[in-house]
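Trainee: Following this message is one structure expressed as structure tokens.
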Amino acid sequence: MKTYKIIFVCTFIINGILGCQTSEEPSPINLQELTIQNIHKAFKDGDYNSQKLVSAYLERIKNLDPSINAINSINPNALNIAKELDEEFEHTKVLRPLHGIPVIVKNNIQSKGLETTAGSLALQNFKPESDAFIICKLVEAGAIILGKSNMAEWAFTPWGSYSSTNGATLNAYNQEYTSAGSSGGTGAAIAANFGVIGLGTDTGGSIRLPSSHGSLVGFRPTMGLVSRSGIIPCQLRQDMAGPMCRTVEDAARVLEVISGYDEEDDLTSYSNGRIPDNYIQFLDNEGLKGSRIGVLWEIAEVDIDPEILALFEEAIEDMKKLGAEIIDPVVIPNFALLRKNHWCESFRSDIENYLIKNVKNDTIRKLEDLIRIGSKSKFTTETLNFSATHNGRPENIEISCLDAYSDLNRIAFREAIENYMDSMRLDALIYPTWNIKPYRMDSIVEEYTGENTGAVAPHTGQPAFTVPMGFMQDNLPTGVEFLGRMYSEPILIKLAYSYEQGTKHRRNPNLEKAMTKDKMH
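Taking my numbering, the leading residue of the sequence shown gets 1048, the next gets one more, and so forth.
Put into structure tokens, the structure is as follows:
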């Protein structure tokens, strides 16, 4: 039995004491596809309050999560926090930006008093003493951390989300397929309407891939726009956190809250003076009109599935109809050469620094401790052992692993792209988020192809947003990715919102009708 199922008993006892809706009463709230704006209007109109909303989501998770295994644990204080926020609103008549909004958080992002395991046995009892910086900002904005989501162990795998602590997460649209990784729990949970907004992390593509597989919007922001402090690292030089939501508007609202300077993350100093007052102002139905969009076939056409190719070509035509000028193809000088040799192994130093600073357990301080405690995943075990014997760049271990603002190779790659964009007056580059379909759960392999999200943004530091592009056979969604210049989030929001509103590809997975599948252990 999962931990959160036990917690539910306590939660609903508290619910009854508070006089809120009990689990025996049907919820009057239709949770399908709710947005922040929908909810705040309902609060103001008196249709329901945060306590009733949280109760409804808890009931939905209890009933439906067993079919996809997206949630690891529930915040036992969620209803008490909702009660406090309801009392605040009743007294002030003012709603904070995310007032009463339930959030699903990936299990490598510190949440005070809640398990933060990165899916590992080594950290299965770790409950941080403090919140990650971005969690602090969400809480200050009035958000309620509803629960922690499953993930690929240590964020190692993009093709699926299997953890030693909780097993595998399934795709909300078709449980015979994977949800992708490593933020697959957040992706499946938000796709299935288990919360309003989600937080993921992205080292190579782990926000954008599960978002694509879940018909979601996923933002990987510019390196330096969002703090990484309080997040269990995978490869810190590439790690980023960002929103995973059902709409561009909600993702923009979350980005507005979590972006900004943090003294614990030096990279965020680069964002000073480069963040607008708000991101909502850039939501524009006609945002594609007059824009210039380049098609990056150099990665888009590699091993592409015919169905995804057809959807991508349709997306290009849709953008034309919405007023964009399409530059097809774009040819970035030396692109193939510049994209090579960016991998730099730093897991040992990154994780050991985190363990010493945050976990403070004398028996879990070194990478060897993680190996000693072990994993249920063969791939995770192999990756931990590899990290123990490799450090730095495979081609030259003397060159340090540096960030996107200091690494000369990364800077050269970014400058080549942005200089070309400048010369062609491009607003963004586009390509499919992933060139292949999700893996089947009964034949998932630990080698993968067609993943475009890791090709550019994690190395260059540029922002990249995925937006729903449509559905393939077997009810499987996929996405299109917009890549922009550093700190061009306002432009990407404008373009992504216009495409989203002009196509409306997102649809509810109707998980209620799905048959519960046996979980992979």
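Backbone N, C-alpha and C define an ideal beta-carbon position, used for all residues, glycine too.
(1) Using only CA atoms, which one of G1289, E1080 and M1471 lies nearest to L1302?
(2) Could you pull out every unbroken alpha helix (DSSP H) segment of at least 4 residues lying fully inside the region 1234-1289, listed in chain order?
(3) Give every residue of the same chain whose Cβ lies closer than 7 Å to the Cβ of S1258, excluding the five residues on either side of it in the sequence, and list them in chain order.
(4) Would you tell me roughly how many angstroms separate the C-alpha atoms of S1177 and I1156, rounded to the nearest one?
(5) Label E1528 either buried or exposed according to how many other C-beta atoms from any shown protein chain fall within 10 Å of its C-beta, with 16 as the threshold for buried.
(6) Rank N1127, S1338 and P1485 by C-alpha distance to the C-alpha of A1227 and give the top, closest one.
(7) Which residues mark the beginning and the end of the alpha helix (DSSP H) in which T1513 is found?
(8) Once you ignore the five residues that flank L1170 on each side, which residues in its own chain have a CB closer than 6 Å to its CB?
(9) Beta-carbon of A1129 versus every beta-carbon of chain D: anything under 8 Å?
(10) With a Cβ-Cβ cutoff of 8 Å, do N1116 and N1213 count as a contact?
(11) Quick check on DSSP: helix, strand or coil for T1525?
(12) Let me know the secondary structure DSSP gives R1553 once reduced to three states.
(13) Report all residues from its chain with a CB closer than 6 Å to the CB of C1281; omit the five preceding and five following residues, and keep chain order.
(14) When you compare the CB positions of L1126 and S1102, do they come within less than 8 Å of one another, or not?
(15) State the start and end residues of the unbroken beta strand (DSSP E) segment that holds I1191.
(16) Does DSSP put R1419 in a helix, in a strand, or in coil?
(17) If you reduce the DSSP assignment to three classes, tell me which class C1391 lands in.
(18) Apply the 10 Å Cβ neighbour rule to D1469 and answer buried if 16 or more other Cβ atoms are within range, or exposed otherwise.
(19) What are the residues that DSSP puts in a beta bridge with E1481?
(20) For my contact list, A1502 and I1346 are in at a C-beta cut-off of 8 Å; report their separation, rounded to the angstrom.
(21) Using CA coordinates, which residue listed in D1365, N1408, A1435 and T1428 is at the minimum distance from S1396?
(22) Check whether the Cβ atoms of S1210 and G1242 sit closer than 8 Å, and answer yes or no.
(23) Please give the ranges of any beta strand (DSSP E) in the region 1111-1165, keeping only runs that are unbroken, at least 3 residues long and fully inside the region.
(24) Could you check which residue in E1498, L1449, L1161 and A1504 has the C-alpha nearest to that of L1476?
(25) For the region 1168-1224, which segments carrying the beta strand (DSSP E) assignment without a break, of at least 3 residues, lie completely within its bounds, in sequence order?
(26) Quick one: what's L1530 bridged to in DSSP?
(27) Cβ atoms of A1463 and L1385: under 8 Å apart, would you say?
(28) Judging by CA-CA distance, which residue of G1549, S1490, C1391 and L1105 is the nearest neighbour of G1439?
(29) In the DSSP output, what is I1373 paired with across the bridge?
(30) Between the C-alpha atoms of K1049 and K1404, what's the straight-line distance to the nearest angstrom?
(31) If we ignore side chains and look at the alpha-carbon of each, how far apart do M1471 and E1187 end up?
(32) Please state whether the Cβ-Cβ distance between T1269 and E1465 is less than 8 Å.
(33) Could you tell me whether the region 1450-1462 touches the region 1181-1200, where touching means 3 or more Cβ pairs closer than 8 Å?
(34) Confirm, please, whether the CB-CB distance from L1335 to M1366 is below 8 Å.
(35) I1355 lies in the alpha helix (DSSP H); which residues open and close that run?
(36) If I measure Cβ to Cβ from R1275 and keep anything under 6 Å in the same chain, skipping five residues before and after, which residues do I get?
Mentor: Let me spell this out:
(1) Locating residue 1302 in the sequence shown gives position 255, counting from the first residue. With distances taken between Cα atoms, L1302 lies closest to G1289.
(2) Counting whole runs of 4 or more residues, the region 1234-1289 contains the alpha helix (DSSP H) stretches 1255-1260.
(3) Mapped onto the sequence shown, residue 1258 falls at position 211. By the criterion of a C-beta distance shorter than 7 Å, S1258 is surrounded in its chain by G1234, V1264, G1265, M1291, T1513 and G1526, once the five residues flanking it on both sides are discounted.
(4) If you number the sequence shown from 1, residue 1177 lands on position 130. If you number the sequence shown from 1, residue 1156 lands on position 109. Their backbone Cα atoms lie some 11 Å apart in a straight line.
(5) Position 481 of the sequence shown, counted from the first residue, corresponds to residue 1528. Per the 10 Å Cβ criterion, buried.
(6) For this step, residue 1227 is matched to residue 180 along the sequence shown. The shortest C-alpha separation from A1227 is found at P1485.
(7) Here residue 1513 corresponds to residue number 466 of the sequence shown, with the count starting at 1. Counted as a single uninterrupted DSSP element, the stretch harbouring T1513 is not any alpha helix (DSSP H) but the beta strand (DSSP E) occupying residues A1511 to M1519.
(8) As a first step, residue 1170 is located in the sequence shown; it is residue number 123 there, counting from the start. Cβ within range, chain order: T1164.
(9) Protein chain content of the structure displayed is limited to a single chain, and chain D is not contained in it.
(10) What you label residue 1116 is simply residue 69 of the sequence shown in a count that begins at 1. What you label residue 1213 is simply residue 166 of the sequence shown in a count that begins at 1. Yes.
(11) Looking up residue 1525 in the sequence shown gives position 478. For T1525, the three-state secondary structure derived from DSSP is strand.
(12) Working through the sequence shown from its first residue, we reach residue 1553 at position 506. Secondary structure of R1553 (DSSP, three-state): coil.
(13) Walking along the sequence shown from the start, residue 1281 turns up at place 234. By the criterion of a C-beta distance shorter than 6 Å, C1281 is surrounded in its chain by A1202 and T1250, once the five residues flanking it on both sides are discounted.
(14) Here the question's residue 1126 lines up with position 79 in the sequence shown. Here the question's residue 1102 lines up with position 55 in the sequence shown. Result yes, Cβ atoms of L1126 and S1102 sit closer than 8 Å.
(15) Within the sequence shown, numbered from 1, the residue matching residue 1191 stands at position 144. Segment I1191 to S1196, the beta strand (DSSP E) holding I1191.
(16) As a first step, residue 1419 is located in the sequence shown; it is residue number 372 there, counting from the start. Here R1419 sits in helix by DSSP.
(17) The residue you call residue 1391 lines up with position 344 of the sequence shown. In the structure shown, C1391 sits in coil (DSSP, three-state: anything other than H, G, I, E or B).
(18) Mapped onto the sequence shown, residue 1469 falls at position 422. Exposed, because fewer than 16 other Cβ atoms sit within 10 Å of the Cβ of D1469.
(19) As a working note, residue 1481 is residue 434 in the sequence shown. Residue identity differs from the one stated: residue 1481 is Trp in this sequence, not Glu. In the DSSP output, where bridge partners are listed per residue, W1481 has E1498.
(20) To locate residue 1502, count along the sequence shown from 1; it is residue 455. To locate residue 1346, count along the sequence shown from 1; it is residue 299. About 5 Å; that satisfies the 8 Å criterion.
(21) Translated into positions along the sequence shown, residue 1396 becomes position 349. Comparing Cα positions, the closest option is A1435.
(22) Taking the first residue of the sequence shown as position 1, residue 1210 is located at position 163. Taking the first residue of the sequence shown as position 1, residue 1242 is located at position 195. For S1210 and G1242, no; Cβs fall outside 8 Å.
(23) Within the region 1111-1165, the complete beta strand (DSSP E) runs of at least 3 residues are 1118-1121 and 1149-1153.
(24) Residue mapping note: residue 1476 aligns to position 429 of the sequence shown, counting from 1. Nearest to L1476 by alpha-carbon distance, out of E1498, L1449, L1161 and A1504, is A1504.
(25) Taking only runs of at least 3 residues, the beta strand (DSSP E) segments lying wholly in the region 1168-1224 are 1191-1196.
(26) As a position in the sequence shown, residue 1530 is number 483, starting the count at 1. According to the DSSP secondary-structure assignment, L1530 is paired through a beta bridge with L1476 and A1511.
(27) If you number the sequence shown from 1, residue 1385 lands on position 338. If you number the sequence shown from 1, residue 1463 lands on position 416. Yes, these two residues count as a Cβ contact at 8 Å.
(28) Translated into positions along the sequence shown, residue 1439 becomes position 392. With distances taken between Cα atoms, G1439 lies closest to C1391.
(29) In the sequence shown, counting from the first residue as 1, residue 1373 sits at position 326. When DSSP reads this structure, I1373 sits in a beta bridge with I1340.
(30) Walking along the sequence shown from the start, residue 1049 turns up at place 2. Walking along the sequence shown from the start, residue 1404 turns up at place 357. Note on K1049: pLDDT 49, under 50, position unreliable in the model; the coordinate value appears next. Their backbone Cα atoms lie some 29 Å apart in a straight line.
(31) The residue you call residue 1471 lines up with position 424 of the sequence shown. The residue you call residue 1187 lines up with position 140 of the sequence shown. Taken atom to atom, the span from the alpha-carbon of M1471 to that of E1187 is near 42 Å.
(32) For the purposes of this step, residue 1269 is taken as residue 222 along the sequence shown, with counting starting at 1. For the purposes of this step, residue 1465 is taken as residue 418 along the sequence shown, with counting starting at 1. In this structure, the beta-carbon distance from T1269 to E1465 does not fall below 8 Å.
(33) The region 1450-1462 makes no contact with the region 1181-1200: fewer than 3 CB pairs, one atom from each, lie closer than 8 Å.
(34) If you number the sequence shown from 1, residue 1366 lands on position 319. If you number the sequence shown from 1, residue 1335 lands on position 288. Against a cut-off of 8 Å, the Cβ pair of L1335 and M1366 comes out as a contact.
(35) Position 308 of the sequence shown, counting from 1, holds the residue named residue 1355. The continuous alpha helix (DSSP H) containing I1355 extends over residues P1353 to K1368.
(36) Within the sequence shown, numbered from 1, the residue matching residue 1275 stands at position 228. So the list reads D1286 and D1312, once near-sequence residues are dropped.
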